[in-house]
Amino acid sequence: MNAYASIANGLRLPSGTFIDGTLKPAINGATFETRNPYSGAVIAVLPACGAADVDAAVAAARRSFEAGVWSGKHPSERKAVLSTFADLIMADLEELAVMEAMDAGKPVADCLSVDVPETANCIRWHGEAQDKLYDQIAPTSPDAVGLIVREPIGVVAAVLPWNFPLLMMAWKIGPALATGNSVVVKPAEQTSLTALCMAELALEAGVPPGVLNVVTGMGPEAGEPLGRHMDVDALTFTGSTDVGRRFLEYSAQSNLKEVCLEMGGKSAAVVLSDATDIARIAEIQANAIFWNMGENCTANSRIIAHKDVYDELVAEMAQQASAWKLGDQLDPETQNGPLVSEEHFAKVSGLVESGKAQGARVVKGGEGAGGMLFRPTVFAEVTAEMEIFQKEIFGPVVGVTRAESDEHAIELANQTQYGLAATLYSKDISKAHRFARKLKAGTVGVNAYSEGEISTPFGGFKASGFGGRDNGIHAHEQYTELKTIWIDLTA
Ligand code: NAD
């Protein structure tokens, strides 16, 4: 047994939902199972929360917010607590990484090197930033002072996906807590364990009870009541575009809470006619689609290649796909673990079959590899009408499309409902600048696949995003209200 499998055997797993500083069962006693998608074994049984639990969590958040135990602290005090929180996350690096890997199917090597350290980094960055931000004074006549201040919005709900459970939680609670809000998190039902550990660590670090709550359970039973709650001031969501749309309805039909949505993608890598070193481009693009089993919102699931470089790129991508190592996510050598669930495996397989039926050519992969493992797959001769060009697959599946000219490549890249991210290859930096502006995407990586980093805003154009950005100081906007205080000096 490898070292991580033995850590898995000894893990202390959280067993309740986290409200007002304590772990407790659901009010009606309902539970659900969470499984290891590689072995199928039940890892833990968690409370299946409903509207009554959501009410209790929102009430705890409201009480703590109004009491000022967190919202009323000096920003430097919140900074110190969030810094301790980040230290505690790193102190539990191996346990959190193994728990995340077991629950989500993510390779443990990635959880150790990316998910957990980036989670701590995000919490620390927002805590550090907060006590260095100034408000504004408007240009007025000398007989008045117009203050423009930012205030915490109040009670924030965060509804999360399963693909980066820790990191997506950090992207929401980092800026929300730093700016003084109280928060209720609803993790994805497939991957709730590390969210509960995070809440315990936050409490240990000094985040007061009630300021960070976690309600576990299903979307319709626990997510919808948060979306419709009359006492939630802002709701931030990361997940599919279909579910994201619902949160706008919930808000419109309840208290018009602020809504920020980070949703699906169908990101394209555009390889222009003058791109060189196609082998290097293929290596980067293999990571851009196969890493994390392709269960990545910015996964470059389309490559649009100019006809001059198309054949070479298809051949190099096939070679890259063959080299990918699949297996148990707790083996540190594994590059791709299982897809997250049977339901998701069926969705990925179904879209791959549609690609075959619609005339795309399977160059590599195209099928499962036992259990929930899916072979890295490369399709060639993909056209814009095909489902695999238009629909988010969220698996290790890339389609390569031939473009007749550089302009045609950009046109094809922009031809989906999504606009999350894009990649652009050209050896002419002036041309790259010009073409990067033509891509309808929230982030464009030039000569590299990139999501930016914690200091750069992240979010989507078109049906990929709505109402704000994660990361950077820009993320603070969705968790704060802008207020004008007008002081008449003539009185
Ligand atoms: P999902 O939309 O199925 O679920 C997301 C969350 O919404 C879960 O917590 C779920 O329980 C909840 N939910 C489901 N139905 C609901 C309902 N009717 N009412 C209220 N809540 C409900 O998404 P997923 O399958 O967990 O995640 C994959 C998706 O997330 C992909 O589309 C991916 O692109 C997207 N994603 C986007 C980003 C980004 O930053 N743009 C990042 C990661 C993932």
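In terms of the UniProt record's numbering, the sequence shown opens at residue 1 and continues consecutively.
Even glycine gets a Cβ: it sits at the ideal position worked out from N, Cα and C.
Within 10 angstroms of the Cβ of residue i, are there 16 or more other Cβ atoms? Answer buried if so, exposed if not.
i, result
"H433", "exposed"
"R302", "buried"
"Q417", "exposed"
"residue 531", "Given that the chain is displayed from residue 1 to residue 491, the structure contains no residue 531 and the question cannot be resolved."
"I19", "buried"
"L256", "exposed"
"M1", "exposed"
"N9", "exposed"
"N28", "exposed"
"E189", "buried"
"A357", "exposed"
"R124", "buried"
"S267", "buried"
"S430", "exposed"
Can residue i be considered in contact with the ligand NAD, in the sense that its beta carbon sits closer than 8 Å to one or more heavy atoms?
i, result
"L160", "yes"
"A188", "yes"
"A344", "The amino acid occupying residue 344 in the given sequence is His; Ala does not appear at that position. H344: yes, Cβ under 8 Å from the ligand NAD."
"A26", "no"
"L420", "yes"
"E262", "yes"
"T31", "no"
"S349", "no"
"A222", "yes"
"V243", "yes"
"S430", "no"
"D470", "yes"
"M99", "no"
Under 8 Å by Cβ, that's how I've got residue i and residue j pegged, so tell me the actual separation to the nearest angstrom.
i, j, result
"I148", "L439", "Rounded, the Cβ-Cβ distance is 34 Å, inconsistent with contact."
"T236", "C260", "5 Å"
"T22", "V45", "Contact flag wrong, Cβ pair sits at about 18 Å."
What's the gap between the Cα of residue i and the Cα of residue j?
i, j, result
"residue 497", "I485", "Summary: the structure shown does not reach residue 497, with the chain confined to residues 1 through 491, and so no result is reported for it."
"G244", "A80", "34 Å"
"G264", "T490", "54 Å"
"T17", "V211", "14 Å"
"A321", "K427", "25 Å"
"G217", "H74", "34 Å"
"Y449", "K325", "21 Å"
"A5", "F290", "24 Å"
"E224", "P396", "30 Å"
"A288", "C49", "36 Å"
"A199", "N213", "7 Å"
"L82", "T34", "29 Å"
"A144", "E151", "21 Å"
"H476", "C122", "13 Å"
Once you ignore the five residues that flank residue i on each side, which residues in its own chain have a CB closer than 8 Å to its CB?
i, result
"R62", "G154, V155, S182 and D231"
"S405", "S273 and H306"
"G368", "F345, S349, F374 and R375"
"A158", "M169, K172, I173, A176, V183, V184, V185, K186, L235, T236 and F237"
"G467", "E258, V259, C260, L261 and Q478"
By Cβ distance, which residues of its chain are closer than 7 Å to residue i, with the 5 residues on each side in sequence left out?
i, result
"E95", "I7 and L11"
"S113", "none"
"Y250", "E224, G227 and R228"
"D470", "W171, E262, F458 and G459"
"V352", "G366, T377 and V397"
With a CB to CB cut of under 6 Å and the five nearest residues on each side skipped, what residues in its chain are close to residue i?
i, result
"R246", "none"
"G239", "P161"
"T140", "G146"
"M372", "P37, P338, L339 and F345"
"G127", "K79, L82, S83 and A178"
"E295", "N163 and F394"
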